[in-house]
Structure formats: structure tokens, C-alpha cells
Amino acid sequence: MVFAGVTSIKAAYAELQLAQHPYNNNAIQAANEVVVEQLKILSELKHKFLKKELDVSPQVTLMLTEIQEQQSLMRTYEIRIKKLESDIERKVVDIALHHKQLKDCTFLNKSMEKKLNQSGLLSMFDNIKITTLNPSDFVQVLHFTMKSVRSFVRLMMKEMEIARWDVDAAAKSIEPSTILAKQSHRCFVLESFVCKTM
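Numbering of the sequence shown is given in full-length UniProt numbering, commencing with residue 1 and proceeding in unit increments.
Set out below in C-alpha cells:
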């Protein structure tokens, strides 16, 4: 009977937790009443046991308490299933949101790529064929690459300054022995680092 009562309290407590997310006042009060009722039953059982006033048939009591315990366990499992279903629904919504974000990002990337191609920055390489490459093609690619690296480094330094990073310390950590004639020359250290990394 004690185990059956404790199992009923566990089931009611699980219902109490489930009713808090999302908040359901009626379900919380009902679960709270069950907890209080089961605690009272356990308290009465304790007093009867101490006073040796338990007047029940062992076989009937065992059957009834086993039924009560199984019902409480079933209720607990039902609550867990509801919670898992709720978690699955939330995750499905999250997945749908991430799919939409991915779709939006893909669309944005494609539109930016299209604009970039229309601007002619990458279209200069459309007619280059590997079989007919010559030194002037290499020089053209090199100039474009250096222009891109410089543009990237300028943007990176700007972001570093906005974030209040110490750009001088960053340059020193890349090339500690380098002495710069001007402070503006630190961009060359960063350009060198980007090129080496590439």
C-alpha cells in the first residue's frame, strides 16, 4: 500500500510538472489535490500501522494495491509520452524554421552571386580555358586575387577596430620581428597572413 501510494504521488507530481509548461492552472490544482490526498492516505496508513489497527485482508489489499500501482505507473508513462510528443512538436517547428532560414540564406547567396557576376568581377574568368593559359592570364588572376585580399583585409581590420581589438598587437603576433615604417603598414602583415593561410 505504501509503494502504491508513493507511485500515485510520483504520477501526480509528473502531471504537476507537465501542467507547468505550458501553464495550466486547473491541471496544476488537480495534480496538487491528488498529491495532498495521497500524502493524507499515507499518513493515515502510518498511524493505523503504529496503532496496529490495520484491518484488511492481505490478499485483497495486495491485489488492490498492485492495481493502483500499475494504474499510477501507466499514468506516469502516459505523461512521459505527452512530454516527448510535445518535445517532438517543438523540434519539428525548430527544424521547419531552420529550413526556412537555410532557404532564405541560399536565395540571398544566389542573388548576391548573380549581382557579383553582373558587376563583371568574376565574369572576366569565364573565357579562360586551362588548355590555353598564358602568363598574361596568370597576371590577371594574380591582380584580381590581390585586389580581393586587400579588400578582405581592409574589411577585417575595420571589423577588428569596431570590436575594439588591438590591431597592432595582432600584427605583432603574426610577425613579431617586423619593424613597420608607418602604422598604416600593418595591413601588409595581415595581407601576408591571409595569403599564407590561403
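All residues carry an ideal CB built from backbone N, CA and C; glycine is no exception.
CB contact flag (residue i, residue j, <9 Å)
i: T7; j: S72; result: yes
i: V189; j: L180; result: yes
i: A12; j: V35; result: yes
i: V149; j: E175; result: no
i: A14; j: R75; result: yes
i: A169; j: T178; result: no
i: L16; j: N32; result: yes
Residue i, DSSP secondary structure in three states
i: R154; result: helix
i: R164; result: coil
i: Q20; result: coil
i: P135; result: helix
i: S173; result: helix
i: L142; result: helix
i: L180; result: coil
i: K147; result: helix
i: K196; result: helix
Top-ranked residue by Cα proximity to residue i, from the options
i: K48; options: M1, R150, E161; result: M1
i: M157; options: K40, F138, Q183; result: Q183
i: P22; options: R90, P135, I67, E78; result: R90
Residues near residue i in its chain [Cβ-Cβ closer than 6 Å; skip 5 each side]
i: Q38; result: G5, S8, I9
i: C187; result: V153
Close-in-space but distant-in-sequence residues of the same chain around residue i (CB under 7 Å, 5 per side omitted)
i: L42; result: V2, G5
8 Å Cβ shell around residue i - same chain, five flanking residues per side excluded
i: I28; result: L16, A19, Q20
i: T131; result: none
**Request:** Pick out the complete alpha helix (DSSP H) segments inside the UniProt domain "DUF641" (2-115), 4 residues or longer, and give them in chain order.
**Result:** List check, alpha helix (DSSP H) in window: 2-18, 25-50.
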